[in-house]
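Here the structure comes first, spelled out in structure tokens, and everything after it is commentary.
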Amino acid sequence: MGISCVNLQGANLTRANLRHVNLRWANLRQANLQWADLRGADLSWANLEGANLTKLAEFPSRLCGGDG
Numbered sequence: 000m001g002i003s004c005v006n007l008q009g010a011n012l013t014r015a016n017l018r019h020v021n022l023r024w025a026n027l028r029q030a031n032l033q034w035a036d037l038r039g040a041d042l043s044w045a046n047l048e049g050a051n052l053t054k055l056a057e058f059p060s061r062l063c064g065g066d067g
């Protein structure tokens, strides 16, 4: 599923199911992603400045430059 280049600045995505979602180039600045399920999500080049990333279901390896 692809929603790249989307602006979700300040969005409340608590407990959101974002598995395998393409969030490449997404603006997630100041977004609340607490408890979000990001397994398999592509966050390459996403703006995560100030985002709440506590207690994620699983820390996506692509956020760290891995293969997924």
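Numbering-wise, the sequence shown is residues 0 to 67 according to numbering that gives the first Met the number 0. We treat Cβ as the ideally placed atom computed from N, Cα and C, and that holds for glycine.
Please state if the CB of residue j and the CB of residue i are separated by a distance shorter than 8 Å.
| i | j | result |
| --- | --- | --- |
| Arg23 | Ser43 | yes |
| Leu12 | Asn31 | yes |
| Asn16 | Asp36 | yes |
| Lys54 | Gln29 | no |
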